[in-house]
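So the sequence shown is numbered by the working numbering: it starts at 39 and just counts up by one. Idealized CB from N, CA, C, for every residue including glycine. Since we're looking at a predicted model, the values are computed, not measured.
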Amino acid sequence: MPSAFPITYSNPGTAQQQIFYESLPYSVMRELRKAIADSGLKSSYVTGMLEGIATGYIMLPQDWKDLMRTLLSPAQYVVFESEFKHSASALSDPQHTANELYGAGQFADITAQATLTPVHFVRTATCVQRAFGKSLFLGNR
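This is the structure:
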């Protein structure tokens with residue numbers, strides 16, 4: 039099973055803010071695997087499930103990479119990673135850099151990624167969804 043650990047906050051936006059890592063519920067992963075087996079990776083149902091994960095959980099860039107690595111074929115993952123970087127660059131601005139959105143450079147470490155703002159995670163999820171769609175043009179997995 040993939041190792042995705044969305045984060046939650048206690049006392050968000052305060053000096054006492056704490057970050058907690060919780061594994062993505064087994065039921066979510068089971069349903070995602072079932073959806074892929076029943077409907078195929080390219081189905082709108084699987085795409086909808088990924089959108090649900092994006093809106094229901096705060097996923098770090100590394101969590102998305104780990105999740106996609108388990109869902110996609112090696113060739114699809116290479117395309118996904120390239121498109122993820124491209125989307126991060128396209129959606130970046132001075133307050134939300136490509137390295138922050140993609141999880142590279144000084145933000146390659148999950149501890150650094152966890153310090154980013156909720157807006158970063160929304161933009162990262164958008165990048166992931168765009169990249170996922172483009173990665174599906176290779177193979178039938």
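Per-residue DSSP class, three states only, for residue i
| i | result |
| --- | --- |
| Ser76 | Looking at the sequence provided, one finds Asp at residue 76 rather than Ser. If DSSP states are grouped into helix, strand and coil, Asp76 belongs with the helices. |
| Asp101 | helix |
| Phe145 | helix |
| Ala175 | Rather than Ala, the amino acid found at residue 175 in this sequence is Phe. It is coil, neither helix nor strand. |
| Ser65 | helix |
| Ser130 | coil |
| Gln56 | strand |
| Thr93 | helix |
| Ser208 | As shown, the chain starts at 39 and ends at 179. That puts residue 208 outside it, with no answer to give. |
| Ser111 | coil |
| Met39 | Low local confidence applies: a pLDDT of 47 at Met39 is under 50, so the model's placement there is unreliable, with the coordinate-based value given in what follows. DSSP places Met39 in coil when its eight states are reduced to three. |
Test: residue i CB closer than 7 Å to a CB of chain D
| i | result |
| --- | --- |
| Leu88 | The structure shown contains no chain D, having only a single protein chain. |
Buried or exposed (CB count within 10 angstroms, at least 16 for buried), residue i
| i | result |
| --- | --- |
| Gln100 | buried |
| Thr162 | buried |
| Ala136 | buried |
| Pro132 | exposed |
| Gly141 | buried |
| Ala42 | buried |
| Phe159 | buried |
| Phe145 | buried |
| Ala75 | exposed |
For residue j and residue i, believed in contact at Cβ under 8 Å, the rounded distance
| i | j | result |
| --- | --- | --- |
| Ala126 | Leu139 | 4 Å |
| Leu70 | Met87 | 5 Å |
| Ser77 | Val84 | 6 Å |
Alpha carbon of residue i to alpha carbon of residue j, nearest angstrom
| i | j | result |
| --- | --- | --- |
| Lys123 | Ser130 | 10 Å |
| Val166 | Val157 | 14 Å |
| Asn49 | Tyr95 | 17 Å |
| Phe118 | Lys172 | 7 Å |
| Ala73 | Ala152 | 29 Å |
| Met106 | Ala169 | 10 Å |
| Trp102 | Ala53 | 28 Å |
| Ala128 | Ser120 | 12 Å |
| Tyr47 | Thr155 | 11 Å |
Quiz item: Between the region 53-61 and the region 112-128, do at least 3 Cβ pairs fall closer than 8 Å?
Solution: no
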